[in-house]
Amino acid sequence: MNITAIIIAALVVGGTGIFLGFFLGIFGEKFKVEVDEREEAILGVLPGNNCGGCGYAGCSGLAAAIVKGEAPVNQCPVGGDPVAAQIGDIMGVSAEGGVKMVAFVKCAGDCEKAEQDYEYTGVEDCAAMAFIPGGGPRSCSYGCLGYGSCVKACPFDAVHIINGIAVVDKDACKACGKCVAACPKNLIELVPCDAKNKVQCSSRDKGKDVMAACSVGCIGCKLCEKNCPEGAVTVTDNIAHIDYEKCTGCGTCAEKCPKKIISRAG
Amino acid sequence: MNKYVERLYNGIIKENPTFVLMLGMCPTLAVTSSAVNGIGMGLSTTVVLVMSNLLISMFRKVIPNGVRMPAYIVVVASLVTIVQFIMQAYTPALSASLGVYIPLIVVNCIILGRAESYASKNPIAPSIFDGLGMGLGFTIGLTCIGLIRQILGASLGITVFIMAPGAFLVLAFLVAGMNVVRDKMEKKGKPLAAPSGCMTGDCASCSQSAMCTGKLPDAAKKSAEQEAK
Amino acid sequence: MKELLIIAIGSAIVNNVVLSQFLGICPFLGVSRKTETAAGMGGAVIFVITLASFVTGLIYKFILTPCHVEYLQTIVFILVIASLVQFVEMFLKKNMPPLYESLGVFLPLITTNCAVLGVALNNVSKGYDLLQGVVNGLATSVGFFIAIVIMAGIREKIEYNDIPRRFQGTAIVLITASLMSIAFMGFSGMI
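Chains as they are written, first to last, in our numbering: chain A, 65 to 330; chain B, 370 to 598; chain C, 22 to 212.
Below is the structure:
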């Protein structure tokens, strides 16, 4: 048994191990990225599902931004006020109450109210259907296709297809914005949770075409705009839009609307 | 059931690495062009697995936590080198046909995975039987696939099965078949263990779990919970 | 020069690392759902394998061969590769944060990727010198990149198709890989 060979082998492996140990140890210190411990604390408080609703790259992105002072402490829509308060404690500032938002689907044309041009059999995905000439089987080219790309996008199971259109469950919705991005017709908007009046239509067609396609669509008659005491409702391109900064929830627009397309519920 | 026999049963049937857990796919696809190759690879992996489980279980209280992974890697790599040279000497034909896949046993997820999840936490005797069970399960898996490919390819003359595309095809149908079995077992109320592996989010069996920065958020939470247990 | 080109085309396309040599299957199946992640993984693999081929080549030539301990290659290579990956991760995190954000997630997964160790060992068994070894490493990893991006593209398309229930998931991906492998076999007359 050649002792020299054994010793050389042991030295080579041992030497490699020791060298690599030193190498990594030294460079571990040299390349140490200073992590503010507040960032770790904030990361621990955040919900951790990396939904991107805050507008930053995941929870770690938001934590870094808050510590740098680029983001306010109440930026996380999922965590809401309780998490904002905790982050405020960590950063040593008080958290102002943010407005809770929810997603709202601006289409009311369900199976009973909306017309279909033809019967559709094919890929059951709204994003894929957007490529079909004419934008899908629905007579109203602006309406909800009802195949649930938004449902698939929602990480909180807050959107469901009920009677052919998407409906958001206000209690489950965390306003992360994924459904807004997923809808190929751009039908979903984030509105304040306590907004009492919402226009549930996106159709920019003229009144006659709207009525042919759907029994409840907005016809652009401007009665809401003329009667709003705050000037919060504007009708552009044959569709009404409410500015929630001005809206007081008086409900006049909803009363005057001949199509009853502006909801009254809170 | 005697706890040693239970470990064997677990490795061969309940958590069979090839059919149930779907670990170690690289050698499964590469060496199963004939049944003999499959048996050869399976048995050499079994030997390495048993020895590495034995050694790691022996030293489990001595190895410091921070250098756990490099220590396991050195142990496994040394064992593989030994096995490689024994095979070169005593079974040169097999060694030549398995080629570079023998040293690649080092990075076989089964070995480092069992070391991390079982051998480092359990005494010597159960660890040996765990290694034996898993290794035999792997061998059986490889042999079955090797047999199918050899019969269809060499005997029946459908050459595609001996070549690269055939490996993917056979494995695809195997996975589909296992899905049928899975559904049946779930209906009976005896669900099979879920497949593990990179990016399925199952970090428990992954050897690199401790240093991995690539965990998906759910996986990170799950493995944190498991660490706490 | 011509010899290097032959090595390169051979490793990248004719003997594609995933579709022919069956190295790197786990990340190939796991990371190929979207083209962006696939490209990120492919990029990280190119980076690591090329660097690893270079370093392991150096070690084999200047340490293992003079001491006549070539048989220690498996042990030494795997240790060096694991440390190299950890070092690269540290370096990127400190000095190139945007690159770390896009690639860094995949780096630890590459350590146990059989492709890295496989390429290093292949370089030794085929007797390549340092330059040939690096070219082989670079070409192999480019081959991985091509294969994984093509697979991701196909997977994005078949997501909308009507796949039989038992074949959904891994099984259909394996069948796709089998068809890709047949396609790549068409290159075998090239060199």
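Heads up, the beta-carbon is just placed ideally off N, CA and C, and yes, glycines get one too.
For TYR92/C, the C-beta contacts it makes with chain B under 8 Å involve THR450 and PHE454, in order along the chain. Counting of Cβ neighbours within 10 angstroms places LYS249/A among the buried residues, the total reaching 16 or more.
In the structure shown, CYS292/A adopts coil according to DSSP, grouped into three states. By alpha-carbon distance to VAL166/A, the top candidate from SER267/A, LYS260/A and TYR211/A is LYS260/A. Within the same chain, and ignoring the five residues on either side of VAL550/B in sequence, the residues whose Cβ sits closer than 8 Å to its Cβ are LEU561. Fully enclosed alpha helix (DSSP H) runs of no fewer than 4 residues occupy 118 to 124, 128 to 132 and 135 to 146 of the stretch 116 to 178 of chain C, in order along the chain. PRO560/B sits in coil when the DSSP states are folded into three classes, being neither helix nor strand. About 5 Å separates the beta carbons of ILE28/C and ASN157/C, which is inside the 8 Å limit, making them a contact pair.
Residues of the stretch 181 to 203 of chain A that bring their beta carbon within less than 7 Å of a beta carbon in chain C comprise VAL187, ASP189 and ALA192, in sequence order.
For SER209/C, not one C-beta of chain B is nearer than 7 Å to its own C-beta. Against chain C, the CB of THR316/A has no partner CB under 7 Å away; the residue lies outside that interface. Counting only unbroken stretches of 4 or more residues, the alpha helix (DSSP H) elements lying wholly within the stretch 122 to 201 of chain A are 122 to 132, 144 to 155 and 190 to 193, in sequence order. By the rule that beta-carbons nearer than 7 Å mark a contact, LEU126/A does not touch chain C.
Of all residues in the stretch 420 to 445 of chain B, those with a C-beta nearer than 8 Å to a C-beta of chain C are MET438, PRO439, ILE442 and VAL443, reading in chain order. In the DSSP annotation of this structure, PRO256/A is not part of any alpha helix (DSSP H); the continuous beta strand (DSSP E) holding it starts and ends at 252 to 256.
Taking a contact to require three or more Cβ pairs closer than 8 Å, the stretch 292 to 305 of chain A and the stretch 258 to 274 of chain A qualify as touching. Within the same chain, LYS242 and CYS243 come within 7 Å of CYS218/A by CB-CB distance, once the 5 residues on both sides are set aside. Rounded to the nearest angstrom, the gap between the Cα atoms of THR58/C and ILE90/A is 32 Å. VAL299/A sits away from GLY313/A, with the two beta carbons spaced by 7 Å or more. Straight-line measurement puts the Cα of ILE196/C at about 21 Å from the Cα of LEU525/B. Taking a beta-carbon distance threshold of 7 Å, ILE99/C counts as an interface residue toward chain B.
Nearest Cα to ALA105/A within the set ALA236/A, GLU98/A, ALA276/A and VAL131/A: VAL131/A. Annotation: Cβ neighbours of TYR181/C in chain A (cutoff 8 Å, chain order): VAL187, ASP189 and ALA192.
Under the three-state reduction of DSSP output, CYS218/A falls in the coil class, being neither helix nor strand. With contacts defined by Cβ atoms closer than 7 Å, GLY45/C and ALA136/C form a contacting pair. Looking at the DSSP output, SER327/A bridges to LYS262/A. Interface flag for SER104/C against chain A is set, since a Cβ pair is found closer than 7 Å. The secondary-structure analysis by DSSP pairs THR298/A across a beta bridge with HIS305/A. Residue pairing for ALA230/A: DSSP places it in a beta bridge opposite ILE225/A. Counted as a single uninterrupted DSSP element, the alpha helix (DSSP H) harbouring TYR373/B occupies residues 372 to 378. Put simply, of LEU93/C, SER162/C, ALA73/C and VAL194/C the residue whose alpha carbon is nearest the alpha carbon of ALA73/A is LEU93/C. Leaving aside the five residues that flank GLU98/A on each side, none in its chain has a CB nearer than 7 Å to its CB. Following the DSSP letters along the chain, one finds ALA73/C inside the alpha helix (DSSP H) bounded by residues 56 to 80. In the structure shown, CYS278/A adopts extended strand secondary structure according to DSSP, grouped into three states.
Per DSSP, reduced to three states, the secondary structure at LYS114/C is helical. The stretch 275 to 294 of chain A makes no contact with the stretch 214 to 231 of chain A: fewer than 3 CB pairs, one atom from each, lie closer than 8 Å.
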